[in-house]
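The numbers in UniProt numbering rise by one with no breaks, and the one at position 293 of the sequence shown is 293. The beta-carbon is built from N, C-alpha and C at its ideal position, and this holds for glycine as well. Fair warning: this is a prediction, and the values are worked out from it, not measured in the lab. These notes are about the structure you will find just below.
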Amino acid sequence: MNFLANLSGNGRRVIPGLASYRAPRNCRFSLLSPSPTQYPSPFSRLISTLVIGEHEDGFVKPSTLSAVTAARAISQDNIISILLGGSGSTLGKAALHAASVHPLISQVLVADADIFRNPLAEPWAELVHMLHQKSGYTYIISASSTFGKNVLPRAAAILDVSPVTDIIEISEPHLFVRPIYAGNALCTVRYTGSDPCVMTIRSTSFSPPSCSTDMVSNAAPISQVDVSNFNKEKQKSRWLKLNSQNTERPDLGSAQIVVTGGRALKNAENFKLLEKLAEKLGAAVGATRAAVDAGFVANDLQVGQTGKIVAPELYMAFGVSGAIQHLAGMRDSKVIVAVNKDPDAPIFQVADYGLVADLFEVIPELIEKLPEKKRL
């Protein structure tokens with residue numbers, strides 16, 4: 001992948017060999033405009049996209065539908081196929097859901113085999129490679145989830161292309177914007193490699209498409225992928241187990257309200273106080289890396305650059321200082337409320353509402369005065 005940058009303006013710097021960058025929401029840099037002969041028009045040929053889908057309990061995950069939105073942003077004439085894998089009745093239900101969830105989806109591909117039941121990168125990457133050899137996709141897209149970030153880089157290596165990751169904006173069919181430096185700058189990238197363009201997108205930046213009223217009558221066809229010749233012996237990894245917690249709280253990645261605690265909560269017992277508040281609000285619980293590293297909560301609750309990327313309607317941060325790595329995972333939240341004893345905490349620079357107070361006084365009072373569980 002080649003990067004061409006033309007940076008100009010006050011305070012802007014050229015980084016040799018890298019794309020342009022800008023501070024979020026402030027200024028934008030642009031790439032050098034190539035000659036018409038350097039890059040052929042993307043509309044001179046058929047554009048087709050394979051979306052690597054994720055499903056749970058018979059439903060396609062919202063992050064996958066966000067990937068469909070991203071595929072549509074590439075081209076209005078994009079032929080979009082969704083790939084689902086696994087086995088059992090939930091796979092069939094998920095396929096029916098994917099086929100009818102929106103008319104943008106042209107086809108649902110189903111790989112029904114036990115080897116695809118679990119998110120192992122090796123078999124999934126081989127499956128993506130096999131499908132591309134058969135259909136010759138222009139783009140292969142996945143959400144920047146744990147699954148997508150595990151599978152897509154390996155698939156790109158097999159396909160001998162450079163992936164473009166963490167895309168938050170699609171300006172043109174081969175022009176993308178992605179965050180760098182923990183979200184403190186945005187990088188504009190032009191992909192000049194061969195097909196397919198393999199990319200992961202931040203689902204928080206691409207809203208899932210709204211459902212059509214006649215979506216059932218316009219259901220996309222469902223096709224079974226022939227995996228009879230799939231080489232299972234080639235796989236060097238095997239699935240052991242999944243450790244998960246059963247909770248009635250919404251998923252952290254898609255919750256409309258997120259309540260997050262930092263190291264200031266001091267111990268795991270105090271995090272239960274935060275969980276009570278979350279139950280009152282019908283919210284998901286998050287944590288900073290410092291709280292996770294201290295053993296207060298499990299690492300699947302971490303919000304930030306190396307954790308979950310969230311963009312809820314309401315984000316409440318208690319005892320969170322606001323390290324740039326944490327801000328990278330929640331800065332797109334619609335409303336940010338911060339409670340911290342330190343008036344100079346960086347979290348207040350991005351907060352819509354801030355309260356300089358002791359969280360051990362604020363949280364119990366909120367629990368007492370808030371009505372019972374309320375979900376948006």
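{"Asked": "Which one of N184, S223, D358, A67 has the shortest CA to CA distance from Q107?", "Found": "S223"}
{"Asked": "Starting from the C-beta of K369, find all residues in its chain whose C-beta is less than 7 Å away, skip the five residues before and the five after it, and write them out in chain order.", "Found": "none"}
{"Asked": "Measuring alpha carbon to alpha carbon, tell me which of E122, I105, L127, L104 ends up nearest D112.", "Found": "L127"}
{"Asked": "Nearest CA to the CA of L65: which residue from I82, I74, V164?", "Found": "I82"}
{"Asked": "Which one of G307, H174, Q235, E279 has the shortest CA to CA distance from A291?", "Found": "G307"}
{"Asked": "What does the alpha-carbon distance come out to for the pair D57 and A94?", "Found": "8 Å"}
{"Asked": "Assuming D200 contacts D251 (C-beta within less than 8 Å), just tell me the rounded distance between them.", "Found": "Looking at the sequence shown, residue 200 is not Asp but Thr. No, T200 and D251 are not in contact; Cβ-Cβ is about 19 Å, not under 8 Å."}
{"Asked": "In terms of DSSP beta bridges, what is M199 paired with?", "Found": "I141, V164"}
{"Asked": "Thinking C-alpha only, which one of T90, D160, A121 is nearest K236?", "Found": "A121"}
{"Asked": "With the cut-off set at 8 Å, would you say L277 and V259 are in Cβ contact?", "Found": "yes"}
{"Asked": "Using the beta-carbon count (16 or more within 10 Å), is D214 buried or exposed?", "Found": "Annotation note: pLDDT 46 at D214 (below 50); position unreliable, no value reported."}
{"Asked": "Could you tell me the alpha carbon to alpha carbon distance between D195 and S75, rounded to whole angstroms?", "Found": "16 Å"}
{"Asked": "Check residue 393 in the structure and name its three-state DSSP category.", "Found": "Nothing can be reported for residue 393, as the shown portion of the chain is limited to 1 through 376."}
{"Asked": "Indicate whether L91 and V110 have their beta-carbon atoms separated by less than 8 Å.", "Found": "yes"}
{"Asked": "In whole angstroms, give me the CA-to-CA distance for E372 and V227.", "Found": "50 Å"}
{"Asked": "Leaving out five residues on either side along the sequence, give the residues of the same chain with a beta carbon under 7 Å from the beta carbon of F360.", "Found": "none"}
{"Asked": "Considering only residues of the same chain and omitting the five flanking positions on each side of V151, which have a CB-CB separation below 6 Å?", "Found": "A121, W124, A125"}
{"Asked": "Determine the closest residue to G53 out of N78, L46, R117, V164, with distance taken between C-alpha atoms.", "Found": "R117"}
{"Asked": "What is the DSSP secondary structure of L109, reduced to helix, strand or coil?", "Found": "strand"}
{"Asked": "Please determine, among G88, P208, P62, the residue with the shortest C-alpha to C-alpha distance to R72.", "Found": "P208"}
{"Asked": "Can you tell me the Cα-Cα spacing of Y315 and S203, whole angstroms?", "Found": "17 Å"}
{"Asked": "Report the residue from N229, L355, V303, P173 whose alpha carbon sits nearest the alpha carbon of G286.", "Found": "V303"}
{"Asked": "Return the CA-CA distance between L18 and A185, expressed in angstroms with no decimal places.", "Found": "Unreliable positioning characterises L18 in this predicted model, as indicated by a pLDDT of 39, which lies under 50. A coordinate reading is not provided."}
{"Asked": "For the region 50-114, which segments carrying the alpha helix (DSSP H) assignment without a break, of at least 4 residues, lie completely within its bounds, in sequence order?", "Found": "62-74, 89-100"}
{"Asked": "Where does F318 fall in DSSP's three states?", "Found": "strand"}
{"Asked": "For the beta strand (DSSP E) holding N267, just list the boundary residues, first then last.", "Found": "No beta strand (DSSP E) holds N267; DSSP gives it neither H nor E."}
{"Asked": "What number of angstroms, rounded off, separates the C-alpha of A268 from the C-alpha of L281?", "Found": "20 Å"}
{"Asked": "Short of 8 Å in beta carbon distance, which residues of its chain neighbour D342, apart from the five on each side in sequence? Order them along the chain.", "Found": "S321, V356"}
{"Asked": "Pull up the distance between the alpha-carbon of Q325 and that of I309, whole angstroms please.", "Found": "11 Å"}
{"Asked": "Which two residues bound the contiguous beta strand (DSSP E) that contains I180?", "Found": "175-180"}
{"Asked": "Quick one: Cα of I363 to Cα of A328, how far?", "Found": "25 Å"}
{"Asked": "Apply the 10 Å Cβ neighbour rule to P221 and answer buried if 16 or more other Cβ atoms are within range, or exposed otherwise.", "Found": "exposed"}
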